[in-house]
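*Asks:* The structure under discussion is supplied below as structure tokens; questions concerning it will follow.
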Amino acid sequence: MATAEFAYQPLFDVRDDDTQYRKLTSEFVEVAPFGDEQLLRVAPQALTMLAAQAFHDINFFLRPAHLRQVAAILDDPEASENDRMVALTMLKNADIASAGVLPFCQDTGTAIVLGKKGHRVFSTGDEAALSRGVFEAYRDNNLRYSQNAPLSMYEEKNTGTNLPAQLDLMADEGDAYKFLFIAKGGGSANKSFLYQETRAVLRPDKLVEFLTEKMVSLGTAACPPYHLTFVIGGTSAEATMKTVKLASTKYYDHLPTSGNELGRAFRDLELEQQMLEAARRCGIGAQFGGKYFALDARVVRLPRHGASLPIGIGVSCSADRQAKGKITRDGVFIEQLETQPLQYMPEALRHRKDEGAVRVDLNRPMAEILAELDRYPVTTRLMLSGPIVVARDIAHAKLKQRLEAGEPLPEYLKNHPVYYAGPAKKPEGLPSGSFGPTTAGRMDAYVDPFQAAGGSMVMIAKGNRGSQVTEACHKHGGFYLGSIGGPAAILAKENIRSVEVLEFPELGMEAVWKIEVEDFPAFILVDNKGNDFFQDVGGGCAAH
Numbered sequence: 006m007a008t009a010e011f012a013y014q015p016l017f018d019v020r021d022d023d024t025q026y027r028k029l030t031s032e033f034v035e036v037a038p039f040g041d042e043q044l045l046r047v048a049p050q051a052l053t054m055l056a057a058q059a060f061h062d063i064n065f066f067l068r069p070a071h072l073r074q075v076a077a078i079l080d081d082p083e084a085s086e087n088d089r090m091v092a093l094t095m096l097k098n099a100d101i102a103s104a105g106v107l108p109f110c111q112d113t114g115t116a117i118v119l120g121k122k123g124h125r126v127f128s129t130g131d132e133a134a135l136s137r138g139v140f141e142a143y144r145d146n147n148l149r150y151s152q153n154a155p156l157s158m159y160e161e162k163n164t165g166t167n168l169p170a171q172l173d174l175m176a177d178e179g180d181a182y183k184f185l186f187i188a189k190g191g192g193s194a195n196k197s198f199l200y201q202e203t204r205a206v207l208r209p210d211k212l213v214e215f216l217t218e219k220m221v222s223l224g225t226a227a228c229p230p231y232h233l234t235f236v237i238g239g240t241s242a243e244a245t246m247k248t249v250k251l252a253s254t255k256y257y258d259h260l261p262t263s264g265n266e267l268g269r270a271f272r273d274l275e276l277e278q279q280m281l282e283a284a285r286r287c288g289i290g291a292q293f294g295g296k297y298f299a300l301d302a303r304v305v306r307l308p309r310h311g312a313s314l315p316i317g318i319g320v321s322c323s324a325d326r327q328a329k330g331k332i333t334r335d336g337v338f339i340e341q342l343e344t345q346p347l348q349y350m351p352e353a354l355r356h357r358k359d360e361g362a363v364r365v366d367l368n369r370p371m372a373e374i375l376a377e378l379d380r381y382p383v384t385t386r387l388m389l390s391g392p393i394v395v396a397r398d399i400a401h402a403k404l405k406q407r408l409e410a411g412e413p414l415p416e417y418l419k420n421h422p423v424y425y426a427g428p429a430k431k432p433e434g435l436p437s438g439s440f441g442p443t444t445a446g447r448m449d450a451y452v453d454p455f456q457a458a459g460g461s462m463v464m465i466a467k468g469n470r471g472s473q474v475t476e477a478c479h480k481h482g483g484f485y486l487g488s489i490g491g492p493a494a495i496l497a498k499e500n501i502r503s504v505e506v507l508e509f510p511e512l513g514m515e516a517v518w519k520i521e522v523e524d525f526p527a528f529i530l531v532d533n534k535g536n537d538f539f540q541d542v543g544g545g546c547a548a549h
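Heads up: the sequence shown begins at 6 in the numbering used here, then just goes up one per residue.
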């Protein structure tokens, strides 16, 4: 095999940037001579200011393009009623969040910073300065601290700052310092998957079938409608997954749309359309059945080692949180996000109430609540009013230890529905911080033993669950109710009337809480007869 001539091309040839920026300041930057060139000196304060503003903005504002896509669901005659209801709720939620008090999702994410520093940019202490900006954003706003520090292999403690951040800083050409800021919640991060495949998958029929099967398995735990991302190939597994993360943020939207002999990355627009159509056929919809499982799809093809075919799949969820930033000789700039989301919502729908939902009074014995739910089929929309207990991962683990030690479950878990959630910080003057559901599937293993002990008879959370939950509910007479994943600000403002700690206050957001709710929206997803909504959807994708 003849050796080819040397030729260099960047793997990711992204040149266009049509991002709209707003200027934060002209301070903290200066141009200084250095030999025959000029250096851009960037003070640490510039990095701190930019990071703090970025993580404020992306937790309260969304990109205009994302809002337009959500709003388009309302005008689509093929959208299901559930699709429209979810879309309308998300637009209302965005409007509430835009006041800058309640973040639109209670999981305000791991703070991720990608920075590319031009060779004529001089700065020191970059990681510390950016971390301080993250610290200030989470300290000064009603955001949630989600990062756990390992004290040992098995002991953890919340850091109380949302640090450490994930900082990926690298060298670049030029005299600008360019950034991408991402707040990545656990729900969507957990739906990032790597598959080590072979060349046999690289056929049109096989690849579409493979990607569709894996796409459907994502389920709804990461809060659709999604921005889907598929990456085919990669020089390593970690390169594949990094591309998944960045492509899901639209960072690679301006890649070429064809490959070449040097191995450049490119977008496959035809396959993107095929995957979007498969997502719309599958029937999962925007969480509770319909067309809008996804808003769009990105497919990126990368070069690969001949013995490897890594394939990565991931999503950006309905809380599509990212923004670009830059520092140039002109100052410090942040991407302009949409501060007036109300304009995307038709005026006739702004005060629309859900008149078709069944109202359920929770101020009564659990046996009566179960008898009420027994009257309705899976997918029934509900409005819940009354007391609910809130418990998630660590609390469930502690309660399971009690059971294993021969102790009974606490009465609160037997007498009330349990909501899997953990709130963001409570603003002054409001009963609650943003308080949306967390992923139900992480608590699946607790359902059978808890229900056998008389607890967790009605569970509320987001996303699909395993067959063990369906079997447990059938055996013990329980129910799983789905709450809309994503719109946490609207729940705090309109549906939660009071919040108090019941147990484990030292766990912070993972404590056991008791909340009083009014017209809290939910869907019956698993009933006491062995029915599971998610078993009935997802089959339509592969049929085409």
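Note that CB positions come from ideal geometry on N, CA and C, so glycine has one too. The structure presented is a predicted model; accordingly, all values stated were derived computationally and were not measured.
How many Å lie between M448 and P492 at the Cα?
*Replies:* Approximately 21 Å, taken between the alpha carbons.
*Asks:* Count the other CB atoms within 10 Å of the CB of G438; is the residue buried (16 or more) or exposed (fewer)?
*Replies:* G438 comes out buried.
*Asks:* Assign K189 to one of two classes, buried (16 or more other C-beta atoms within 10 Å of its C-beta) or exposed (fewer than that).
*Replies:* By the neighbour-count rule (16 or more Cβ atoms within 10 Å), K189 is buried.
*Asks:* Runs of 4 residues minimum, wholly inside the region 236-261: which ones carry the alpha helix (DSSP H) assignment?
*Replies:* Listed in chain order, the complete alpha helix (DSSP H) runs (minimum 4 residues) inside the region 236-261 are 242-253.
*Asks:* My output table needs one value for Q345: the three-state DSSP class, helix, strand or coil.
*Replies:* Three-state result, Q345: coil.
*Asks:* Can you tell me where the alpha helix (DSSP H) with P49 in it begins and where it stops?
*Replies:* First-last of the alpha helix (DSSP H) with P49: 49-65.
*Asks:* Taking all protein chains shown into account, do 16 or more other C-beta atoms lie within 10 angstroms of the C-beta of N265, making it buried, or fewer, making it exposed?
*Replies:* It counts as exposed.
*Asks:* Figure out for me which residue from V36, E141, I529, K250 has the closest Cα to the Cα of F60.
*Replies:* The shortest C-alpha separation from F60 is found at E141.
*Asks:* Hey, quick one: how far does the alpha helix (DSSP H) through D532 stretch, first residue to last?
*Replies:* Here D532 belongs to no alpha helix (DSSP H), and DSSP marks it neither H nor E.
*Asks:* A176 bridges to which residues according to DSSP?
*Replies:* Answer is K122.
*Asks:* What does a CB cutoff of less than 8 Å around S321 pick up in its chain, not counting 5 residues either side in sequence?
*Replies:* Here the set comprises S193, Y231, H232, T234, S253, T254, Q327.
*Asks:* In the DSSP output, which residue or residues are listed as bridge partners for F39?
*Replies:* Paired residues: E42.
*Asks:* With DSSP as the reference, identify every bridge partner of T30, one or two as the case may be.
*Replies:* DSSP lists V337 as partners of T30.
*Asks:* Which residues does DSSP list as the beta-bridge partners of F184?
*Replies:* DSSP lists G120, G330 as partners of F184.
*Asks:* To the nearest whole angstrom, what separates the beta carbons of Y26 and Q473, a pair I think is in contact under 8 Å?
*Replies:* Between Q473 and Y26 the Cβ distance is about 49 Å, and since that is not below 8 Å, they are no contact.
*Asks:* Provide the residue(s) that pair with V522 in DSSP beta bridges, ordered along the chain.
*Replies:* In the DSSP output, where bridge partners are listed per residue, V522 has G391, I501.
*Asks:* Decide yes or no for the touch test of the region 76-84 against the region 284-302: beta carbon pairs closer than 8 Å, at least 3 of them.
*Replies:* Touching, yes.
*Asks:* What residue range is occupied by the uninterrupted beta strand (DSSP E) comprising P69?
*Replies:* Not the beta strand (DSSP E): P69 falls in the alpha helix (DSSP H), residues 69-80.
*Asks:* Hey, which unbroken runs of the beta strand (DSSP E) at 3 residues or more fall wholly within the region 406-485?
*Replies:* Fully enclosed beta strand (DSSP E) runs of 3 or longer: 463-466.
*Asks:* Answer yes or no: do I495 and K122 have a C-beta to C-beta separation smaller than 7 Å?
*Replies:* Going by C-beta atoms, I495 is not nearer than 7 Å to K122.
*Asks:* Taking a contact to mean a Cβ-Cβ separation below 7 Å, would you say I520 touches V504 in this structure?
*Replies:* Yes.
*Asks:* Give the range of the alpha helix (DSSP H) segment to which G192 is assigned.
*Replies:* First-last of the alpha helix (DSSP H) with G192: 191-194.
*Asks:* Identify whether F552 lies in helix, strand or coil by the three-state DSSP scheme.
*Replies:* The structure shown does not extend to residue 552, since the chain is modelled only from 6 through 549, so no value can be given for it.
*Asks:* Please classify N87 as buried or exposed, where buried requires at least 16 neighbouring CB atoms within 10 angstroms.
*Replies:* N87 comes out buried.
*Asks:* I'd like to confirm something about I117: is its beta-carbon nearer than 6 Å to some heavy atom of the ligand MN, or not?
*Replies:* This structure lacks the ligand MN, and indeed carries no ligand of any kind.
*Asks:* Measure from the alpha carbon of L107 to the alpha carbon of each residue in P69, E83, N146, A70, then state which is nearest.
*Replies:* When each option's Cα is compared against that of L107, the closest is N146.
*Asks:* Go ahead and pull the three-state DSSP assignment for P209.
*Replies:* Three-state DSSP puts P209 in a helix.
*Asks:* Output the distance between the C-alpha atoms of R285 and A302, rounded to the nearest integer angstrom.
*Replies:* Between R285 and A302, the C-alpha separation is close to 11 Å.
*Asks:* Give the DSSP-derived three-state secondary structure of L507 in the structure shown.
*Replies:* Looking at L507 - three-state DSSP - the assignment turns out to be strand.
*Asks:* Can you list, in chain order, the residues of its chain with a C-beta nearer than 8 Å to that of V206? Leave out the 5 residues immediately preceding and following it.
*Replies:* Only L212, F215, L314, I316 meet the Cβ criterion.
*Asks:* Within 10 angstroms of its Cβ, does T444 collect 16 or more other Cβ (buried), or is it exposed?
*Replies:* That one is buried.
*Asks:* Quick one: what does DSSP say E373 is sitting in, helix, strand or coil?
*Replies:* Reduced to three states, the DSSP call for E373 is helix.
*Asks:* For H549 and D210, I'd like the C-alpha separation in whole angstroms.
*Replies:* Only weak support is given to the placement of H549: the predicted model assigns it a pLDDT of 39, under 50, and the question is left unresolved by the model.
*Asks:* Does the region 122-137 come close enough to the region 172-184 that 3 or more CB-CB pairs lie under 8 Å?
*Replies:* Touching, yes.
*Asks:* Assuming V91 is part of the alpha helix (DSSP H), what are its boundary residues?
*Replies:* Here the alpha helix (DSSP H) through V91 covers 86-102.
*Asks:* Helix or strand or just coil, what does DSSP make of H310?
*Replies:* Here H310 sits in coil by DSSP.
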